[in-house]
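Peer 1: Quick one: this structure, given as structure tokens, is what I'll be asking you about.
4 protein chains.
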Amino acid sequence: MHNVLLTGFEAFDQDTLNPSWETVRRLDGTLLSDDVRIVARQLPCAFEQAPERLRQCLADVQPILVIAVGLAQGRSDLSIERVAINLNDARIPDNLGHQPIDTPVVPGGPAAYFCSLPIKAMVRALRAAGIPASVSHSAGTFVCNQVFYSLQHALAGSAVRSGFIHVPWLPQQAAQAGSALPSMALETLVEGLRIAVLTALNTEHDVLETGGQVS
Amino acid sequence: MHNVLLTGFEAFDQDTLNPSWETVRRLDGTLLSDDVRIVARQLPCAFEQAPERLRQCLADVQPILVIAVGLAQGRSDLSIERVAINLNDARIPDNLGHQPIDTPVVPGGPAAYFCSLPIKAMVRALRAAGIPASVSHSAGTFVCNQVFYSLQHALAGSAVRSGFIHVPWLPQQAAQAGSALPSMALETLVEGLRIAVLTALNTEHDVLETGGQVS
Amino acid sequence: MHNVLLTGFEAFDQDTLNPSWETVRRLDGTLLSDDVRIVARQLPCAFEQAPERLRQCLADVQPILVIAVGLAQGRSDLSIERVAINLNDARIPDNLGHQPIDTPVVPGGPAAYFCSLPIKAMVRALRAAGIPASVSHSAGTFVCNQVFYSLQHALAGSAVRSGFIHVPWLPQQAAQAGSALPSMALETLVEGLRIAVLTALNTEHDVLETGGQVS
Amino acid sequence: MHNVLLTGFEAFDQDTLNPSWETVRRLDGTLLSDDVRIVARQLPCAFEQAPERLRQCLADVQPILVIAVGLAQGRSDLSIERVAINLNDARIPDNLGHQPIDTPVVPGGPAAYFCSLPIKAMVRALRAAGIPASVSHSAGTFVCNQVFYSLQHALAGSAVRSGFIHVPWLPQQAAQAGSALPSMALETLVEGLRIAVLTALNTEHDVLETGGQVS
Chain B
5 MHNVLLTGFE AFDQDTLNPS WETVRRLDGT LLSDDVRIVA RQLPCAFEQA
55 PERLRQCLAD VQPILVIAVG LAQGRSDLSI ERVAINLNDA RIPDNLGHQP
105 IDTPVVPGGP AAYFCSLPIK AMVRALRAAG IPASVSHSAG TFVCNQVFYS
155 LQHALAGSAV RSGFIHVPWL PQQAAQAGSA LPSMALETLV EGLRIAVLTA
205 LNTEHDVLET GGQVS
Chain E
5 MHNVLLTGFE AFDQDTLNPS WETVRRLDGT LLSDDVRIVA RQLPCAFEQA
55 PERLRQCLAD VQPILVIAVG LAQGRSDLSI ERVAINLNDA RIPDNLGHQP
105 IDTPVVPGGP AAYFCSLPIK AMVRALRAAG IPASVSHSAG TFVCNQVFYS
155 LQHALAGSAV RSGFIHVPWL PQQAAQAGSA LPSMALETLV EGLRIAVLTA
205 LNTEHDVLET GGQVS
Chain R
5 MHNVLLTGFE AFDQDTLNPS WETVRRLDGT LLSDDVRIVA RQLPCAFEQA
55 PERLRQCLAD VQPILVIAVG LAQGRSDLSI ERVAINLNDA RIPDNLGHQP
105 IDTPVVPGGP AAYFCSLPIK AMVRALRAAG IPASVSHSAG TFVCNQVFYS
155 LQHALAGSAV RSGFIHVPWL PQQAAQAGSA LPSMALETLV EGLRIAVLTA
205 LNTEHDVLET GGQVS
Chain A
5 MHNVLLTGFE AFDQDTLNPS WETVRRLDGT LLSDDVRIVA RQLPCAFEQA
55 PERLRQCLAD VQPILVIAVG LAQGRSDLSI ERVAINLNDA RIPDNLGHQP
105 IDTPVVPGGP AAYFCSLPIK AMVRALRAAG IPASVSHSAG TFVCNQVFYS
155 LQHALAGSAV RSGFIHVPWL PQQAAQAGSA LPSMALETLV EGLRIAVLTA
205 LNTEHDVLET GGQVS
């Protein structure tokens with residue numbers, strides 16, 4: 005049996021749940037074929053703990069593909085992140101009260117890693133299935149980017165492809181906040197992540213179509 | 005048997021479907037109690053036809069409550085409209101190619117009508133159910149506002165309460181457009197509209213809590 | 005000598021100044037022709053005081069044209085308001101700590117008044133001068149709308165035309181907040197308001213071009 | 005005499021001017037001290053030409069500091085870019101009709117370069133002067149990012165510090181488009197860029213305060 009590792013985060017800031025974990029835990033154990041299944045694991049939203057916990061997950065699960073998932077308040081679609089940068093710059097404290105400013109994720113590491121997933125094919129497949137998706141060129145500078153960078157660093161040079169997807173708030177989070185921020189239904193998130201994983205597994209060479217931003 | 009009338013629009017502009025009609029048609033025939041049911045009707049997205057078609061629906065259905073529903077591209081929640089204004093000012097042509105500019109909905113009619121639904125109670129009930137909702141103070145100046153004004157004008161002075169709700173794009177519309185505009189799942193829209201109707205039926209006096217905007 | 009009355013508000017909420025007052029006070033005393041000059045007056049940002057103070061200004065100045073100006077945080081252009089509604093619904097307390105919810109501006113007054121300025125000609129003239137401007141269909145439900153409604157109510161039936169313009173933050177306000185909200189330079193605001201006044205004075209019949217919103 | 009090189013772009017897409025060039029050309033020749041002056045140069049908005057033209061500028065001017073400036077439609081402040089990535093992914097064709105998709109800026113180059121300017125001190129100084137500014141973590145994937153990456157690549161390992169600043173539309177561009185996109189007055193842009201240059205020249209060690217984004 006081959007494993008696809010999906011990670012999601014525990015709740016952070018004002019929230020009582022995190023759509024990234026709610027999504028991936030519903031896919032835990034899903035069989036994608038006779039010999040490929042999804043394994044979901046939760047990561048802490050804490051700079052000091054998340055990278056080490058990620059490395060444990062990688063060692064335990066021995067995945068053939070990894071997608072880390074996180075929440076991006078205010079975004080309206082599945083954002084497939086293209087680049088992880090070697091920088092922590094926390095606007096707010098993490099769940100342990102730490103707020104690193106202008107520190108590297110990995111001292112001495114390269115400035116950035118690109119996602120190794122076929123991101124254009126994934127966006128195309130998601131949109132074809134009626135699920136809003138796009139390429140993003142910044143995963144921020146908080147624990148999401150830290151985990152994304154740590155993941156790409158850990159797997160650099162290996163044959164295991166990996167990346168990061170940001171997801172919107174759940175409807176109940178937008179409802180509770182009483183704000184006008186966008187949200188996405190859990191069912192859409194789960195189906196979207198399933199499609200993203202399948203597309204990543206089944207696409208050897210990415211398609212060539214723009215996902216760019218002028219600025 | 006008492007009827008609640010819900011109206012939705014046909015598709016317009018670039019779209020091939022309209023979430024307002026997709027939502028209300030799924031509620032058509034729903035029994036809300038032993039003697040109250042929902043009747044859904046479609047309205048054309050055309051200034052010349054929509055008000056007359058609305059009047060026919062009112063005459064046919066003899067409703068005890070009416071909620072007209074329309075699409076608001078770019079909004080992220082169920083927007084309960086508070087005020088309908090006596091003004092057509094079309095930024096784009098309607099489905100018949102007409103584009104009235106600065107004409108009244110009803111010549112000689114009052115400048116505006118307020119919604120007669122318990123809108124604060126509806127927003128509260130929707131949020132409590134985990135469905136993003138808010139009060140809006142402009143229904144625009146296109147066919148949506150024309151229908152809303154026509155509805156309030158037709159029922160002015162009657163005991164039948166009525167109003168208008170704007171809904172976001174469906175996910176497949178945002179996916180097809182490839183844009184970053186927000187969307188809402190059809191299941192959420194249907195459940196939200198059901199809750200809105202029930203709350204309107206069961207709330208005699210609206211709650212007093214702010215839904216205001218500073219500007 | 006004929007007077008054009010411009011009003012601006014004192015600072016409110018977290019701000020230490022208000023761009024509406026900063027703008028109009030710089031136009032105070034400006035001669036627009038041999039016998040027309042601008043008179044600027046400040047209004048309190050308080051529901052209990054603003055309408056009465058406005059009426060005093062009207063009585064004192066005996067204007068031939070009135071434009072009230074207020075701040076709209078988050079807007080990026082000169083928003084010429086089209087409609088004032090008979091509703092106070094304060095999301096936050098005013099400068100006296102009052103927060104009216106769902107009360108009328110004028111008990112028994114009409115639901116709304118339309119602006120009596122040539123708003124399309126004003127937008128056209130501003131854009132031609134390189135100053136961002138648009139028509140808005142909601143002035144909110146706070147003191148700005150209250151003043152706008154009170155103004156239209158006071159002058160209803162008279163030959164004196166009047167309206168309301170919302171302006172963005174000043175750059176220093178956006179800078180201080182550290183947010184990504186738009187702003188406009190004071191020089192642009194002052195020149196824009198001068199053009200708006202001149203266009204209103206010199207345009208008998210408004211131009212027919214859309215300023216509408218689909219929703 | 006020491007030179008500070010500022011570059012701006014020619015107009016592109018639908019625009020007839022480019023605020024980046026309008027800004028820097030007004031600073032051309034400005035003396036910052038007895039022996040430091042600003043030299044402004046224009047770059048083409050074309051993937052095939054911009055890097056080579058930049059290298060010529062560097063060779064000609066022999067600068068002690070370089071800030072490249074570009075337009076970011078839709079942004080509202082001076083965005084000091086933190087990271088340049090080794091990726092071209094053009095959403096629209098450049099001025100020569102070329103639209104590279106998923107090509108490297110420099111084949112074999114590192115995935116990214118960080119800005120070598122004291123960006124936090126620059127944001128602080130700009131805000132203190134009343135000019136909206138922030139740190140950005142994506143310069144896009146068009147010619148702006150290409151120039152930024154090329155600049156950091158050319159100066160990597162040297163003592164010459166360099167970076168990229170994105171600026172908003174000018175007011176007349178927003179006015180002409182009739183859109184609600186934010187803009188900034190040319191005077192504010194010029195003063196802002198002057199402050200940014202002075203701060204970069206005079207700050208040896210950057211301040212430690214967050215400019216981060218959660219996502």
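Protein chains in written order, with the numbering used here: chain B, 5 to 219; chain E, 5 to 219; chain R, 5 to 219; chain A, 5 to 219.
Beta carbons are placed, not taken as given, at the ideal position from N, Cα and C, and that holds for glycine.
Give every residue of the same chain whose Cβ lies closer than 8 Å to the Cβ of R/ASN99, excluding the five residues on either side of it in the sequence, and list them in chain order.
Peer 2: GLU14, PHE16, PRO48, CYS49 and ALA50
Peer 1: With 8 Å as the limit, tell me which residues of the segment 186-215 of chain R have their beta carbon closer than that to any beta carbon of chain A; keep them in chain order.
Peer 2: PRO186, SER187, MET188, ALA189, GLU191 and THR192
Peer 1: Taking the Cβ atom as the reference point for each residue, do B/LEU197 and B/VAL73 lie within a distance shorter than 8 Å?
Peer 2: yes
Peer 1: Which runs of the alpha helix (DSSP H), 4 residues or longer, sit entirely within the segment 115-186 of chain E?
Peer 2: Complete alpha helix (DSSP H) runs here, min 4: 123-132, 147-159 and 175-181.
Peer 1: If you draw a straight line from the C-alpha of R/LEU121 to the C-alpha of E/GLN176, how long is it?
Peer 2: When rounded, the distance between both Cα atoms is 42 Å.
Peer 1: Mark A/ALA160 as exposed unless 16 or more other C-beta atoms lie within 10 angstroms of its C-beta, in which case mark it buried.
Peer 2: exposed
Peer 1: Taking a Cβ distance cut-off of 9 Å, strictly less, list which residues of the segment 115-145 of chain R are near chain E, in chain order.
Peer 2: ALA115, ALA116, TYR117, PHE118, LYS124, VAL139, SER140, HIS141, SER142, ALA143, GLY144 and THR145
Peer 1: Between which two residues does the alpha helix (DSSP H) harbouring B/LEU4 extend?
Peer 2: Since the first residue shown for chain B is 5 and the last is 219, residue 4 of chain B is missing from the structure and cannot be characterised.
Peer 1: Within a Cβ cutoff of 6 Å, which residues of the same chain sit near R/ASP106, ignoring the five residues on either side of it in sequence?
Peer 2: Exclusion of the five residues before and after R/ASP106 leaves ASP93 as the residues of its chain whose Cβ lies within less than 6 Å of its Cβ.
Peer 1: Is the beta carbon of R/GLN156 closer than 8 Å to that of R/PRO55?
Peer 2: no
Peer 1: Could you please give the first and the last residue of the uninterrupted alpha helix (DSSP H) stretch that includes A/VAL40?
Peer 2: Here A/VAL40 belongs to no alpha helix (DSSP H); instead the beta strand (DSSP E) covers 40-47.
Peer 1: My assumption, with CB atoms under 8 Å, is that B/TRP173 sits in contact with B/GLN77. Please give the rounded CB distance.
Peer 2: 6 Å
Peer 1: With DSSP as the reference, identify every bridge partner of R/PHE51, one or two as the case may be.
Peer 2: R/PHE51 is not bridged to any residue.
Peer 1: Using a C-beta to C-beta distance shorter than 7 Å, which residues of chain E count as neighbours of R/HIS6?
Peer 2: What R/HIS6 touches in chain E: nothing, since even the nearest Cβ is about 28 Å away.
Peer 1: By how many angstroms is the C-alpha of A/PRO111 removed from the C-alpha of B/VAL218?
Peer 2: 21 Å
Peer 1: Is the segment 123-131 of chain A touching the segment 174-194 of chain B, taking contact as three or more C-beta pairs under 8 Å?
Peer 2: Remark: fewer than three beta-carbon pairs, one from each stretch, lie closer than 8 Å, so the segment 123-131 of chain A and the segment 174-194 of chain B are not flagged as touching.
Peer 1: If you reduce the DSSP assignment to three classes, tell me which class A/SER24 lands in.
Peer 2: Look at A/SER24 here: in three-state DSSP terms it is helix.
Peer 1: Tell whether a beta-carbon distance below 8 Å holds between R/VAL70 and R/LEU91.
Peer 2: no
Peer 1: Residues in the segment 71-92 of chain B with C-beta within 8 Å of chain E's C-beta atoms, listed in sequence order?
Peer 2: ARG79, SER80 and ASP81
Peer 1: Can you tell me where the beta strand (DSSP E) with B/ILE105 in it begins and where it stops?
Peer 2: 105-107
Peer 1: Measuring CB to CB, does E/LEU82 end up less than 8 Å from E/SER24?
Peer 2: Not closer than 8 Å, so no.
Peer 1: For the candidate residues B/SER138, B/SER37 and B/ASP32, whose alpha-carbon lies nearest to that of B/ILE84?
Peer 2: Comparing Cα positions, the closest option is B/SER138.
Peer 1: Within the same chain, show all residues whose beta-carbon is closer than 7 Å to that of B/GLU52, passing over the 5 residues directly before and after it, in chain order.
Peer 2: LEU100 and HIS102
Peer 1: Using beta-carbon positions only, say whether E/VAL65 and E/ASN7 come within less than 8 Å of one another.
Peer 2: yes
Peer 1: Would R/GLY216 be called buried (16 or more neighbouring beta carbons within 10 Å of its own) or exposed?
Peer 2: buried
Peer 1: Report the residue from A/VAL164, A/PRO104, A/LEU190 and A/VAL171 whose alpha carbon sits nearest the alpha carbon of A/PHE146.
Peer 2: A/PRO104
Peer 1: Using only alpha-carbon positions, find the residue among R/THR11, R/GLU213 and R/LEU205 that is nearest to R/LEU36.
Peer 2: The residue with the shortest Cα to Cα distance from R/LEU36 is R/LEU205.
Peer 1: Does any residue of chain E have a CB that is nearer than 8 Å to the CB of R/ARG106?
Peer 2: Sequence inspection shows Asp at residue 106 of chain R; the Arg mentioned does not correspond to that position. So, interface residue.
Peer 1: Quick check on R/ALA160 - is its C-beta less than 8 Å from some C-beta in chain E?
Peer 2: no
Peer 1: Quick one: grab the DSSP three-state call for B/ASP14.
Peer 2: Note that residue 14 of chain B is Glu in the sequence shown here, rather than Asp. B/GLU14: coil per DSSP, three-state reduction.
Peer 1: For A/GLN18 and A/PRO97, I'd like the C-alpha separation in whole angstroms.
Peer 2: 12 Å
Peer 1: Figure out for me which residue from E/ALA178, E/ARG57 and E/GLY182 has the closest Cα to the Cα of E/ALA189.
Peer 2: E/ALA178
Peer 1: So, is B/THR27 buried or exposed, given that buried needs 16 or more other C-beta atoms within 10 angstroms?
Peer 2: buried
Peer 1: Alpha carbon to alpha carbon, what distance is there between R/GLY167 and E/ASP32?
Peer 2: About 44 Å.
Peer 1: With respect to the beta strand (DSSP E) encompassing A/ILE89, which residues constitute its N-terminal and C-terminal limits?
Peer 2: 87-89
Peer 1: B/LEU62 by DSSP, collapsed to three states: which one?
Peer 2: Three-state DSSP puts B/LEU62 in a helix.
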